[in-house]
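Protein chains in written order, with my numbering: chain D, 1 to 399; chain C, 1001 to 1399; chain E, 2001 to 2399. By construction, the Cβ of each residue, glycine as well, lies at the ideal position given by its N, Cα and C atoms. Inspection log for the structure reproduced underneath, given as structure tokens.
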């Protein structure tokens, strides 16, 4: 996208109804309007194009972006860091091990204590079903309270960096990858995407990517097929939502119990392991009871059950079933690649290798998606600000 | 405070005799003159007002602020990070676990090694009685040596982020909260503040807040009452100092062994647990001997002794004894709230809840106090620099 | 160096043939031409002089510098942080404990995932013989691939922050210290430097400093003597290289098995412990086999063997053998100082104390060397950019 293209994209953004994004959080894609989702895509692309031209979209001279990672992370951690840095914010990590949180401090208090000079708070909390998203909302409510009562000079925006329900920075990056791959948001209508379970020798992987993908792609008029072995269901609420959204967007949604069926005629395949919803519920319960014997037993049982479905692997044979035998393969990474990162896993090595660079590009949209979410929540008139940044041509670097 | 108010505050600052602060450390409030303390309050308020107007008080285009936390921290860590960021400095944490310090390296050496491009060094070292402040002075002396001998291009300023003696960033924030609450520094004269011990189910909490509060508030002409059960004394030197300072400032200082007596007629109450001075001495000795049996025995003995004083709780009943039954409740947070963070603790839940937002605001001054301490130690003519920043109106953010 | 001096240095830099440095890595000094090494010295001195004048050489408005430390580090970590900050980059640490790397992810993938907005990647990986430098090259090749295939908008530069073969940021800082000490790069010709083993009560120290010193100083026309007890050899390839380089540069290289012989007539001594090459090979093998019994046995054997050479200590007696009894003592720090950091170690306390400030200054060049390596790899026309920075006189700080 050249300067003319960026101007055009900014004008398109200016026409969108996105007042609701200002000083608001990004917790679930399905809470956002179609216009708001489109605005995120617009801004992510504008920022990416600006950076390619070495125009700096630095909004802030100073200010903090707080990160709270309750689970390990590489990609998302670096995406958040890159996004914050691009906008001029400094990341301060809230490392619960180095804090006094264990002391019995309330979420309400911590949320305010870390936010005196914060513009954004990114949170990953994906381990406990029923808890991650609830924690984010508790933080958000605490920030509302602190701002209303004069504790905070501004209300920082919360960005969901993966919870038990959704992984919006991932799925929005996935969608942006598709938009670029197929040549536009409107080109996604009628495309078939197979979001399927795949075998993995590990256990307890979150459901949020699968849920997030069907929760978002059904908004975009796509034919979404969720495929998994019997029993590997996702949250019923998300299935209901997907069905309803598909009807509204002119797409479709179905659940099948065969990988081959899901792959047949698909334009896009997204094979990825997850733990069944019911297992995650049981696991959450055992974890809260600190029942380590029960947890071990559950893990053993699950891994054995998983083994019944080792044929849920994205092989060359499976890929032959897809449209023109050449569906686009997607993954949030890291993938369990058979013979590379494990003996047998989600995807055959030759398939992964062929699409490896595509998956890297897919991941490469995430920093811009995060930056777009932050920017849209901070600026009242994002299009005006972006136009003035573009015409100001502040250089990101000395040449 | 509007722009006119800021100009006025800067002019007031310009009239203060604070030459001694330039390239000097902030280790103990009682080493600073009244003018110097007032300058910190001035600058903290100026910075806070500038930020509220989105004028950026960024002093540095680049430069490091080093943090050395030898104990867990949330509030102070984030305050230091926010202060550094506001001034344009980047925090580099000296994590002793990831360093080669265990190797037997001298403090003298480490202090220089981390300081080649540092402007400020914040240190928390509050665990060992007789050691924390001494460590800070050893760092400071090492920096003097390194600067004098041409190792360091500038002499970074050391800021005490809590030691065994004092917690100046906390107590200065506390005082600024009082100044804003009561409408001016002069309004604090004659106000009664009850700094009291309170029961907590935990053990070994530092004495530095209690010592810091009596060490500072007696400077401000306040009637300071230190209340604790028999045996829970603070450092004798600090008591002597408080007595002497109170006499000089026209305030008063007394020690009482009854919470009710301390609270009676108080304008402000600050109930907070700490370990008796003698226990901290014993603990420091046992720790240095790595006597884990002795430590366990000491902890058990202390917790049992603490239990004799569970009635040292800031209850609604106690609050009724205060002036107009409505003293301002203060706490450095996190508080041990009965029924919230523990079964029985320092403060009754309904009391804490009524003052919760006040305690959050109290904490909210800390980033500005830290920034003021750094700024005043770096600039030879702080008032001139602040005026030029104000009139320059460099924006902190794009709107 | 004043402004005129800086201009002169920039003009000298402009005359150097250093096209090969642009978008290239800094992995081993012996892969660089003499002109390229000289350019690093030039730029480091230019940056140091600019900073002393408070002219900010900030190249970047935003951008990340990634650090990957697979071993503990203080000096190098802070040097990298300071260098990045000086150039306007923000350090994002790739902490393998907090990432999903253990998951079986490929180096190829991780290298791309952390690099979407990175300009430089600093890596320390010095524990395993045959692995550290290989890892850096694997990262570099992955970045080449990612950039070529459109995953990365730019190819970040890899800087070796210590590997199994070389420690170029250390040795280049060492050389810059010598240049300043003796008054110019040309003054080093014919100077005798004794890089010797020294006794230490610890075990398993990397060979990279010793190898790096002989690998670099033989380029500079120096008379390099490598001294160690029999069996404490460094990598044979590095010895061959040193011999060849010395012949080319008009210097000399010899290996001796007596500390006294090495010290005799030396202008510079660099006594430092390391583990013999053969031991490191055995250790690497045992580590890869997770043979903890074998490792303990090896450590015991080595420490016992070390004890046979406790007289390899840099004492006052030894120093008397050097030129005019006053060779310059060097160390990469921290040193094992007898009676200070250990009972008996590499250097006598009185010797270390006399040269302590010199070793601190030696360390102080490292941030500028790292910054120079990054700058030279990022800028196509570094001299032009530096001249425009100098004349622009962007202030690093408010006065």
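**Message:** Just to make sure I have the definition right: I need the residues of chain D whose C-beta is within less than 9 Å of the C-beta of residue 1361(C). Which are they?
**Reply:** Along the second chain, read from residue 1 onward, the residue named residue 1361(C) stands at position 361. Neighbours of residue 1361(C) on chain D, chain order: 149, 150, 151.
**Item:** Which of helix, strand or coil DSSP assigns to residue 196(D)
**Value:** To locate residue 196(D), count along the first chain from 1; it is residue 196. In the structure shown, residue 196(D) sits in a strand (DSSP, three-state: E or B).
**Asked** From residue 229(D) to residue 256(D), what distance separates their C-alpha atoms?
**Response** As a first step, residue 229(D) is located in the first chain; it is residue number 229 there, counting from the start. As a first step, residue 256(D) is located in the first chain; it is residue number 256 there, counting from the start. Distance from the CA atom of residue 229(D) to the CA atom of residue 256(D), rounded to whole angstroms, is 8 Å.
**Asked** First and last residue of the alpha helix (DSSP H) that includes residue 355(D)?
**Response** Position 355 of the first chain, counting from 1, holds the residue named residue 355(D). Residues 349-364.
**Asked** Name the DSSP bridge partner or partners of residue 2029(E)?
**Response** One-based indexing of the third chain puts residue 2029(E) at position 29. Bridge partners of residue 2029(E): none, in fact.
**Asked** Using a Cβ-Cβ distance under 8 Å, would residue 1224(C) count as near chain D?
**Response** Residue 1224(C) sits at position 224 when you count from the first residue of the second chain. By this cut-off, residue 1224(C) is not an interface position.
**Residues that residue 1163(C) bridges to, as DSSP identifies them** = Position 163 of the second chain, counting from 1, holds the residue named residue 1163(C). None; residue 1163(C) has no bridge partner.
**Message:** Suppose you measure from the CA of residue 1355(C) to the CA of residue 1258(C); what does that come to, to the nearest Å?
**Reply:** The residue given as residue 1355(C) occupies position 355 in the second chain. The residue given as residue 1258(C) occupies position 258 in the second chain. Going by the C-alpha atoms only, they are around 23 Å apart.
**Item:** Contacts of residue 2092(E) in chain D (Cβ-Cβ under 9 Å)
**Value:** As a first step, residue 2092(E) is located in the third chain; it is residue number 92 there, counting from the start. The answer, in chain order, is 77, 78, 81, 82, 85, 91.
**Asked** In this structure, what does DSSP give as the bridge partners for residue 2227(E)?
**Response** Position 227 of the third chain, counted from the start, is the residue given in the question as residue 2227(E). 2196(E), 2256(E), per the DSSP bridge assignment.
**Request:** Find out if the Cβ-Cβ distance for the pair residue 434(D), residue 37(D) is shorter than 8 Å.
**Result:** This structure does not reach residue 434(D), given that chain D is present from 1 up to 399, and the question cannot be answered.
**Partner residues on chain F for residue 1357(C), Cβ-Cβ distance less than 7 Å** = Among the protein chains in the structure shown, which are D, C and E, there is no chain F.
**Asked** Taking just the CA atoms, how far does residue 2043(E) sit from residue 2385(E)?
**Response** Residue mapping note: residue 2385(E) aligns to position 385 of the third chain, counting from 1. Residue mapping note: residue 2043(E) aligns to position 43 of the third chain, counting from 1. In this model, residue 2385(E) and residue 2043(E) are separated by some 11 Å (Cα to Cα).
**Request:** For chain E, find out if any of its Cβ atoms is closer than 8 Å to the Cβ of residue 1063(C); answer yes or no.
**Result:** Within the second chain, residue 1063(C) is the residue found at index 63, counting from 1. Closer than 8 Å: yes.
**Cβ-based neighbour list, residue 2344(E), same chain, cut-off 8 Å, excluding 5 preceding and 5 following** = Residue 2344(E) sits at position 344 when you count from the first residue of the third chain. Correct list, in chain order: 2199, 2201, 2310, 2313, 2338.
**Message:** Please list the terminal residues of the continuous alpha helix (DSSP H) segment that includes residue 89(D).
**Reply:** As a working note, residue 89(D) is residue 89 in the first chain. First-last for residue 89(D): undefined, no H or E at that position.
**Request:** Give a yes or no on whether 8 Å exceeds the smallest Cβ distance from residue 199(D) to chain C.
**Result:** Stepping through the first chain from its first residue, residue 199(D) is reached at position 199. Chain C contact via Cβ: absent.
**Request:** Just the C-alpha distance for residue 62(D) and residue 115(D), rounded to the nearest angstrom, thanks.
**Result:** If you number the first chain from 1, residue 62(D) lands on position 62. If you number the first chain from 1, residue 115(D) lands on position 115. Residue 62(D) and residue 115(D): Cα-Cα distance of roughly 14 Å.
**Asked** chain D partners of residue 1067(C), CB-CB under 8 Å?
**Response** Looking up residue 1067(C) in the second chain gives position 67. Neighbours of residue 1067(C) on chain D: none; closest Cβ ~11 Å, over 8 Å.
**Request:** Verify whether the separation of the beta carbon atoms of residue 280(D) and residue 207(D) is less than 8 Å.
**Result:** Your numbering for residue 280(D) matches position 280 in the first chain. Your numbering for residue 207(D) matches position 207 in the first chain. Cβ distance < 8 Å, so residue 280(D) and residue 207(D) count as in contact.
**Nearest-angstrom Cβ-Cβ length linking residue 1396(C) and residue 1025(C), presumed shorter than 8 Å** = Along the second chain, one-based indexing puts residue 1396(C) at 396. Along the second chain, one-based indexing puts residue 1025(C) at 25. With 8 Å as the limit, residue 1396(C) and residue 1025(C) do not qualify as a contact, their Cβ atoms being about 28 Å apart.
**Message:** I'd like to know if the stretch 2159-2177 of chain E and the stretch 2363-2373 of chain E are in contact, where contact means that at least 3 CB-CB pairs between them fall below 8 Å.
**Reply:** yes
**Message:** Which same chain residues end up closer than 6 Å to residue 91(D) when comparing Cβ atoms and leaving out the 5 residues on each side of it in sequence?
**Reply:** Walking along the first chain from the start, residue 91(D) turns up at place 91. Closer than 6 Å at Cβ, skipping near neighbours: 65, 67, 81, 84.
**Prompt:** residue 65(D) by DSSP, collapsed to three states: which one?
**Reply:** Taking the first residue of the first chain as 1, we reach residue 65(D) at position 65. Three-state result, residue 65(D): strand.
**Request:** Taking only the alpha-carbon atoms, compute the straight-line gap between residue 249(D) and residue 242(D) and give it to the nearest angstrom.
**Result:** Taking the first residue of the first chain as 1, we reach residue 249(D) at position 249. Taking the first residue of the first chain as 1, we reach residue 242(D) at position 242. Their backbone Cα atoms lie some 10 Å apart in a straight line.
**Message:** Does residue 2329(E) come out as helix, strand or coil in the three-state DSSP assignment?
**Reply:** Here residue 2329(E) refers to the residue found at position 329 of the third chain. In the structure shown, residue 2329(E) sits in a strand (DSSP, three-state: E or B).
**Request:** May I ask you to report which of helix, strand or coil DSSP gives residue 105(D)?
**Result:** Residue numbering aside, residue 105(D) sits at position 105 when the first chain is read from its first letter. Residue state, collapsed to three classes: coil.
**Request:** Give every residue of the same chain whose Cβ lies closer than 6 Å to the Cβ of residue 2204(E), excluding the five residues on either side of it in the sequence, and list them in chain order.
**Result:** Sequence index remark: in the third chain, residue 2204(E) carries index 204 (1-based). Same-chain partners within the cutoff: 2275.
**Request:** Determine, using beta carbons only, whether residue 106(D) comes closer than 8 Å to chain C.
**Result:** The sequence position of residue 106(D) within the first chain is 106, counting from 1. Yes, because at least one Cβ of chain C sits closer than 8 Å to the Cβ of residue 106(D).
**Request:** Measure from the alpha carbon of residue 2334(E) to the alpha carbon of each residue in 1390(C), 1105(C), 1254(C), then state which is nearest.
**Result:** Here residue 2334(E) corresponds to residue number 334 of the third chain, with the count starting at 1. Of the listed residues, the one whose Cα sits closest to residue 2334(E) is 1105(C).
**Message:** I need the straight-line Cα distance from residue 1367(C) to residue 378(D), nearest angstrom please.
**Reply:** Stepping through the second chain from its first residue, residue 1367(C) is reached at position 367. Stepping through the first chain from its first residue, residue 378(D) is reached at position 378. Taking the straight line joining both Cα atoms gives about 22 Å.
**Request:** Check residue 1269(C) in the structure and name its three-state DSSP category.
**Result:** By one-based count along the second chain, residue 1269(C) stands at place 269. Three-state DSSP puts residue 1269(C) in a strand.
**Message:** Pop quiz: residue 1125(C) and residue 1070(C) are said to be a contact at Cβ under 8 Å. What is the actual Cβ separation, rounded to whole angstroms?
**Reply:** Position 125 of the second chain, counting from 1, holds the residue named residue 1125(C). Position 70 of the second chain, counting from 1, holds the residue named residue 1070(C). The Cβ separation is near 4 Å, so the contact holds.
**Item:** Short CB-CB distance (under 8 Å) between residue 1390(C) and chain E
**Value:** Position 390 of the second chain, counted from the first residue, corresponds to residue 1390(C). Answer no: the Cβ-Cβ gap between residue 1390(C) and chain E never drops below 8 Å.
**Message:** Would residue 2123(E) and residue 2158(E) qualify as a contact pair, given that the criterion is a beta-carbon distance under 8 Å?
**Reply:** Residue numbering aside, residue 2123(E) sits at position 123 when the third chain is read from its first letter. Residue numbering aside, residue 2158(E) sits at position 158 when the third chain is read from its first letter. Against a cut-off of 8 Å, the Cβ pair of residue 2158(E) and residue 2123(E) comes out as a contact.
**Prompt:** For residue 1088(C), which residues of its own chain have a beta-carbon under 8 Å away from its beta-carbon, when the five flanking residues on both sides are left out?
**Reply:** Locating residue 1088(C) in the second chain gives position 88, counting from the first residue. Excluding residues within five positions, the ones whose Cβ falls inside 8 Å are 1058, 1059, 1060, 1061, 1062, 1063.
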